[in-house]
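**Q**
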Amino acid sequence: MALTEAADAVDACNSLALRKAARYLSAAYDKALAPTGLRTTQFSILRHLSGREAITITALADLIAMDRTTLATNLKPLARENLVTVETSSTDRRARVVSITPDGHSRMEAALPYWDTVQAQFEEKFGADRAARLRTTLEEVLETGFDPWAE
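Residues are numbered in my numbering as their position in the sequence shown, beginning at 1, plus a constant of 1.
#1: According to DSSP, simplified to helix, strand and coil, what is GLU82?
#2: Is it buried or exposed for THR41, if we count other Cβ within 10 angstroms and need 16 for buried?
#3: So, under 8 Å CB-CB, LEU64 and MET109 are touching, yes? Tell me the CB distance rounded to an integer number of Å.
#4: What is the DSSP secondary structure of THR92, reduced to helix, strand or coil?
#5: So for ILE101, helix, strand or coil by DSSP?
#6: What does the Cβ neighbour count give for GLN43, buried or exposed, with the cut at 16 atoms within 10 Å?
#7: For LEU50, verify whether its CB is less than 7 Å away from any heavy atom of the ligand PLP.
#8: From THR102 to ALA60, what does the alpha carbon distance come to, in whole angstroms?
#9: Just confirm the distance between the C-beta atoms of PHE123 and ALA132, as a whole number of angstroms; I'd bet it's less than 8 Å.
#10: Are at least three pairs of beta-carbons, each pair with one atom in the segment 23-32 and one in the segment 114-128, less than 8 Å apart?
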């Protein structure tokens with residue numbers, strides 16, 4: 002493969018383009034959330050748990066499009082800081098359920114203004130309508146039929 006063909010293949014890679022954009026935006030959100038001690042993924046987990054009853058790790062992983070093992074890894078520091086609890090389900094001993102704690106809810110609430118600021122900055126620079134279309138398009142990606150975490 003010629004060098005220009007290789008470069009064209011890299012430029013046409015959907016996965017790479019998505020990952021580059023995700024790393025770029027995640028870095029901006031992580032920087033904005035830094036004063037709260039939360040990273041973007043942790044904030045997203047807390048936000049998804051807020052206002053919900055306990056949810057299984059599997060259901061939460063499906064909700065945020067993350068494999069269960071990665072989610073379990075991300076929950077450990079949150080549990081250490083008493084921001085979430087992870088317990089065995091009372092109805093199914095094989096399942097583990099996650100709940101946000103009052104401390105977790107407080108930390109997520111404290112992080113909201115930082116998140117709101119960076120969200121507004123992105124939408125100002127990128128365009129609110131374009132950002133909304135981008136979110137819709139990215140949600141559609143999740144409906145393409147791939148099953149990346151199937152065993």
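Positions of the beta carbon are idealized from the N, C-alpha and C atoms, including for glycine.
**A** This is what the structure gives:
#1: coil
#2: buried
#3: Contact doesn't hold; Cβ gap of about 16 Å is too wide.
#4: coil
#5: strand
#6: buried
#7: Judged by which ligands are present, the structure shown has none, so any question about the ligand PLP falls away.
#8: 18 Å
#9: 7 Å
#10: yes
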